[in-house]
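Mapped onto this note's numbering, the consecutive letters of the sequence shown carry residue numbers 1309 to 1434.
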Amino acid sequence: MILLNFSHPITPSQQEQLETLTGQKIQRTIARMPQFDEERPFAPQIQALLEQVDLTPEEWQSAPLLVVLPSLNFIAAGLLAELHGRMGYFPPVVRTRPVAGSLPRRFEVAEILDLQAIRDAARHRR
1309 MILLNFSHPI TPSQQEQLET LTGQKIQRTI ARMPQFDEER PFAPQIQALL EQVDLTPEEW
1369 QSAPLLVVLP SLNFIAAGLL AELHGRMGYF PPVVRTRPVA GSLPRRFEVA EILDLQAIRD
1429 AARHRR
């Protein structure tokens, strides 16, 4: 599995949690922290961000990908649209949460959201 991380670095503990939840080993991590210019349109910046991800068109469509979204909602929304266009489906995404009572603050993997399954289920409620 390839982990596309657009957020903070993944710790060894978080990687272990991801591998346990998915039942797959993370073979490769591609980390790209977005640093966007708020004065410029986001769509071209999202495209430029994904151009930095070293995947072929075939890999975008067939490799097992897991995504850690950036925390800024506008970037995350645009990134999901661009990923869907490249992949042909919505990717599964990682949700993290603070570890209760941890000081300094630490985060753990809460769940993996299967966005395509969520989308498919929603189609039946139209």
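We put the CB at the ideal spot given by N, CA and C, even for glycine. Note that the structure is predicted; figures quoted are calculated from it, not measured.
(message) Please identify the residue among Gln-1424, Thr-1404, His-1316, Gly-1409 whose C-alpha is closest to the C-alpha of Leu-1329.
(response) Locating residue 1329 in the sequence shown gives position 21, counting from the first residue. Taking only the C-alpha atoms, the option nearest Leu-1329 is Thr-1404.
(request) Can you tell me which of Ala-1429, Ala-1425, Phe-1314 puts its alpha carbon nearest to the alpha carbon of Val-1361? (result) Start at 1 with the first residue of the sequence shown, and residue 1361 comes out as number 53. Out of Ala-1429, Ala-1425, Phe-1314, Phe-1314 has the C-alpha closest to the C-alpha of Val-1361.
(message) Can you tell me whether Thr-1328 is helix, strand or coil according to DSSP?
(response) Mapped onto the sequence shown, residue 1328 falls at position 20. DSSP places Thr-1328 in helix when its eight states are reduced to three.
(request) State yes or no: is the C-beta of Glu-1327 within less than 8 Å of the C-beta of Ile-1338? (result) Sequence index remark: in the sequence shown, residue 1327 carries index 19 (1-based). Sequence index remark: in the sequence shown, residue 1338 carries index 30 (1-based). Contact: no.
(request) Using DSSP bridges, identify the partner residues of Pro-1400. (result) On the sequence shown, residue 1400 is found 92 positions in, with the first residue counted as 1. Looking at the DSSP assignment, Pro-1400 forms a beta bridge with Asp-1422.
(request) Could you tell me the distance, in whole angstroms, from the CA atom of Leu-1423 to the CA atom of Pro-1412? (result) Residue mapping note: residue 1423 aligns to position 115 of the sequence shown, counting from 1. Residue mapping note: residue 1412 aligns to position 104 of the sequence shown, counting from 1. Using only the alpha carbons, I get a separation of about 31 Å.
(request) Out of Val-1402, Leu-1391, Asp-1428, point me to the one whose CA is closest to Leu-1420's CA. (result) In the sequence shown, residue 1420 corresponds to position 112, counting from 1. Per the sequence shown, the amino acid found at residue 1420 is Ile instead of Leu. For the residues Val-1402, Leu-1391, Asp-1428, the minimum Cα distance to Ile-1420 belongs to Val-1402.
(message) Can you list, in chain order, the residues of its chain with a C-beta nearer than 7 Å to that of Leu-1377? Leave out the 5 residues immediately preceding and following it.
(response) Position 69 of the sequence shown, counted from the first residue, corresponds to residue 1377. Once the five neighbours on either side are set aside, the close Cβ partners of Leu-1377 are Phe-1314, Ser-1315, Ala-1384, Leu-1387, Val-1401.
(message) Quick check: is any heavy atom of the ligand COA less than 7 Å from the C-beta of Gln-1343?
(response) With respect to small molecules bound, the structure shown includes none, and the ligand COA cannot be examined in it.
(message) Give me the residue from Phe-1350, Leu-1311, Pro-1365, Glu-1346 with the minimum Cα distance to Gly-1396.
(response) In the sequence shown, counting from the first residue as 1, residue 1396 sits at position 88. Of Phe-1350, Leu-1311, Pro-1365, Glu-1346, the residue nearest in Cα terms is Pro-1365.
(request) Given a cut-off of 8 Å, decide if Pro-1399 and Val-1375 are closer than it, judged by their beta-carbon atoms. (result) The count along the sequence shown starts at 1 and reaches residue 1375 at position 67. The count along the sequence shown starts at 1 and reaches residue 1399 at position 91. Contact flag set, yes.
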